[in-house]
Structures are given as structure tokens and as C-alpha cells.
Amino acid sequence: MGREPVRLINVYAPSDEGERRKLFQRLRPQLVTSRTIMMGGDFNCILESGGRCGTRAGEGWMDDAAKLLAEMVGEASLTDVIGSMGSDARNFTWSHHDGSVRSRIDFIFTSKSVRIRQHSMVTVHFSDHRAIRFQGELTGKFLTGPGTWKLNSSLLGREDVQEELRRTYMGPDLLELYEEMEQEGVMPHTLREGMIVLLYKHKGERCDFKNWRPISFLNVDYKILAKTMVNRLKGAMGEIVHPDQTCEVPGHRVADSLALIRDTIQYITDRNIRTTLVCLDQEKAFDRVSHEFMERVLQGFGLGERFCNYVRIMYPDIFSSVMVNG
Numbered sequence: 042m043g044r045e046p047v048r049l050i051n052v053y054a055p056s057d058e059g060e061r062r063k064l065f066q067r068l069r070p071q072l073v074t075s076r077t078i079m080m081g082g083d084f085n086c087i088l089e090s091g092g093r094c095g096t097r098a099g100e101g102w103m104d105d106a107a108k109l110l111a112e113m114v115g116e117a118s119l120t121d122v123i124g125s126m127g128s129d130a131r132n133f134t135w136s137h138h139d140g141s142v143r144s145r146i147d148f149i150f151t152s153k154s155v156r157i158r159q160h161s162m163v164t165v166h167f168s169d170h171r172a173i174r175f176q177g178e179l180t181g182k183f184l185t186g187p188g189t190w191k192l193n194s195s196l197l198g199r200e201d202v203q204e205e206l207r208r209t210y211m212g213p214d215l216l217e218l219y220e221e222m223e224q225e226g227v228m229p230h231t232l233r234e235g236m237i238v239l240l241y242k243h244k245g246e247r248c249d250f251k252n253w254r255p256i257s258f259l260n261v262d263y264k265i266l267a268k269t270m271v272n273r274l275k276g277a278m279g280e281i282v283h284p285d286q287t288c289e290v291p292g293h294r295v296a297d298s299l300a301l302i303r304d305t306i307q308y309i310t311d312r313n314i315r316t317t318l319v320c321l322d323q324e325k326a327f328d329r330v331s332h333e334f335m336e337r338v339l340q341g342f343g344l345g346e347r348f349c350n351y352v353r354i355m356y357p358d359i360f361s362s363v364m365v366n367g
């Protein structure tokens, strides 16, 4: 590896699911590093539905420990050197002595800065596991992913493009997508992905993360559905929200709150009432709201099962990528 610092992690996970989960939790901080990571060993769990063959092949194939490991690998942007095994039985790494059960529980994960040249499975005659062997090259830089598609907004100024957009209006297709989401209870992968961009607040040190504001770019199909639900909700806001609240209520202004505070102060001053005014501004308030609590509130306001169901569909399993250097 030359002078490039590398973090090598050798894993032998317990067979007990609870102990295995504890090990992965202790291992998680080790994946937060600027060094190139190479992590491999016997993880004693499978990470895809085809990772087991034989007895109990389709039963609970991914336990909580496996879900935690998959989450850690995704957070650290690690790559499985073997890749998805699909239906290829040659990728099983462990087998029972009579061949009745086979599974893939051994992995090698590397940073994306390691370019995998070739890999193979090696039979070890004194073990019921097969070894994973690979050859790679340390590129010294992260390989770029597929990127994201973005409309060239300058094209919207052309009349021929405007006409084409009118003729290919995709309203019926979107409606079919949203109805399928409601039936299946899940959003497509592309609608759950966001792109985070950091904007400098122009105050304080640039090296301090607190002085940067994260902005998430979302899929347009997702935003259309969210906007539709917001517009539906606006009609009932006057009955749901207290008249003194101004945030996100059409026709209410921040000046209304200031006037209310001014009148309240005048009232308690005239009557010599001992009191205290407290101003609270919770950091990242919207990120701290429990989804379970939010759902109970929506149901309590009587917004309807269908509306609440769409909210349940739009929140779980959301993930984001951070855009770095453009």
C-alpha cells in the first residue's frame, strides 16, 4: 500500500444474534475514518435473500444484527469484493459437512478507493469455510458513482421543448405510481434518495460544521406528492391549528405573534402581574419529532386513514448522499 494509511479489520462474529449485534455496535466507530478500510472475516450472518441454501433457506434470512451490518457498510461506503451473489452457488462460503445447508457468511469489504481487479473462492480442506481471495489496486481517490440526472433548465426557454413537455405530460403515469405505492405500502428506491449539499452561512470558521447549512435535494416525483398533500392539508389548517400560531398557516404573519407578545406585556404591566416570558428555539426541531408521535397527532386531528397511510409510506427508509466538491 506504499505510504497510504490503511485500516485492516479482522472479524470473527459470534453465532448468537444478540452478541453478534453487540460486536457490530462496538465495531461501528472503527469505520469512521479517513483511512482506506479493508474489513473481512466470518460475520456469521447473511446479507441477501439468496445467501442461504437448504434447510430454513427462506426463514428470517436477515436478522437485526445483519441489518445493522448492512447499515454500517452503507454508511462507510464500503464495497463487497464479491458483489451480489445472485443465484451463483459458487459464492457460498460455508457448508454443512453433509452439504444439506450452505450459506454466504464470510465477506471482505473495502473502501471504494480500492479498485478490485479479480477475486476468487478458495477451498480450505481443514475448514468448513472457503477463503475469499482478491487482488486490488489502491487508486488513492474515491471512484465516482453513477451520479444523478438533472434537467438543464435553460432548455425550458425554448418553445419546442415547452411544446414537447405539454405533449408528454405525465400526470396519469404519476397517478398510477402513487396508487401502486399506496397498495404496496412502500416507495420506489429512487424516491427515497436525497442529495445533501452544504451551504456556508457566511459566519464563523469554515472548518466548523455548525456554520454550514445542509440542504437536501429531493426527487421531483416525491416533491409533487408532498406538495399535493400539503395543499390538501391547507384547507383544514384553520380548524386544526390554534389562531395564535403563525408558522405555515396561510394568512398568518410573524408580525401577528409580535403584536400578541406586545399586548401581553402591556396587559401584565398594567395589572402589575409577576410573570416570566420564555423564548425557546429548539435546534433541528423538525429532526427531533418522533414518527410515532407524529402519526398519533395526525390521527388525533382526524385527517383520515388514507392521508396518514401516505405519510407512513413517505418517511421510512429515507437515505441521502452528500455531494462533495460539486
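Quick note on my numbering: the sequence shown kicks off at 42 and runs consecutively. We treat Cβ as the ideally placed atom computed from N, Cα and C, and that holds for glycine.
Does DSSP put residue i in a helix, a strand or coil?
i	result
R303	helix
F360	strand
E234	strand
M355	helix
L119	strand
E178	strand
F342	coil
C349	helix
L109	helix
T310	helix
V365	coil
S128	With a pLDDT of 42 at S128, under the threshold of 50, the modelled position of this residue cannot be trusted; read the value that follows with caution. Three-state DSSP puts S128 in coil, outside helix and strand.
L318	coil
L88	coil
D328	helix
G246	Checking the sequence shown, residue 246 turns out to be Glu, not Gly. If DSSP states are grouped into helix, strand and coil, E246 belongs with coil.
Q323	coil
R337	helix
R208	helix
L72	helix
Q203	helix
Pick out whichever of the options has its Cα sitting closest to the Cα of residue i.
i	options	result
P70	D201, I50, R208 and L218	I50
L216	M103, R254 and L266	L266
S257	R145, T180, M364 and P284	M364
I173	M211, F133 and R254	F133
R156	E280, T180, R171 and G124	T180
Q159	S168, S144 and G124	G124
F334	L119, K325, C349 and Q323	C349
V271	V352, E221 and M236	V352
L64	V73, A107 and V47	A107
V122	S161, G115 and D311	S161
H235	E223, Y241, R347 and P255	The identity of residue 235 in the sequence shown is Gly, whereas the question assumes His. Of E223, Y241, R347 and P255, the residue nearest in Cα terms is P255.
L239	L68, S362, E60 and G115	S362
F327	C288, G343 and L318	C288
S75	L68, I146, V47 and T164	V47
D147	Q176, G115, E116 and L110	L110
K242	A117, V330 and W253	W253
G177	L318, M79 and L232	M79
V142	I149, D104, H170 and I354	H170
F167	W135, L232 and L299	W135
Y263	I149, R145, E112 and M355	M355
D297	P229, S154 and H283	H283
E299	P229, D104, N313 and L318	Note on identity: in this sequence residue 299 is Leu, with Glu being the wrong assignment. Here the closest residue by C-alpha is L318.
G81	T120, E45 and R67	T120
A277	I314, R233 and F342	F342
I237	D104, I359, M113 and R61	I359
Can you give me the start and stop residues for the alpha helix (DSSP H) that residue i sits inside?
i	result
D262	V261 to K275
G292	Note, G292: premise wrong, no alpha helix (DSSP H); not H, not E.
P213	G212 to E225
R62	E58 to L68
G198	Element bounds for G198: n/a, residue is neither H nor E.
G279	M278 to I281
What residues are listed by DSSP as bridge partners for residue i?
i	result
W135	S144 and H170
W253	Y241
I149	G81
F25	Within the shown structure, residues of the chain are numbered from 42 to 367, placing residue 25 beyond reach of any answer.
How would you write the range of the beta strand (DSSP E) that residue i sits in, first residue to last?
i	result
V163	V155 to T164
I50	V47 to Y53
For residue i, would you say it is in contact with chain D, using Cβ-to-Cβ distances shorter than 9 Å as the test?
i	result
M113	The chain inventory of the structure shown lacks chain D, comprising one protein chain alone.
Do the stretch 241-250 and the stretch 194-204 touch if we need at least three Cβ pairs shorter than 8 Å? Judged by Cβ distances under 8 Å, the stretch 241-250 makes no contact with the stretch 194-204, as fewer than three pairs qualify.
Validate contact between the stretch 51-64 and the stretch 80-90 using beta carbons, cut 8 Å, 3 pairs: Output reads yes: the stretch 80-90 touches the stretch 51-64.
Between the stretch 295-309 and the stretch 322-333, do three or more beta carbon pairs fall short of 8 Å? Contact between the stretch 295-309 and the stretch 322-333 is absent, because fewer than three Cβ pairs lie under 8 Å.
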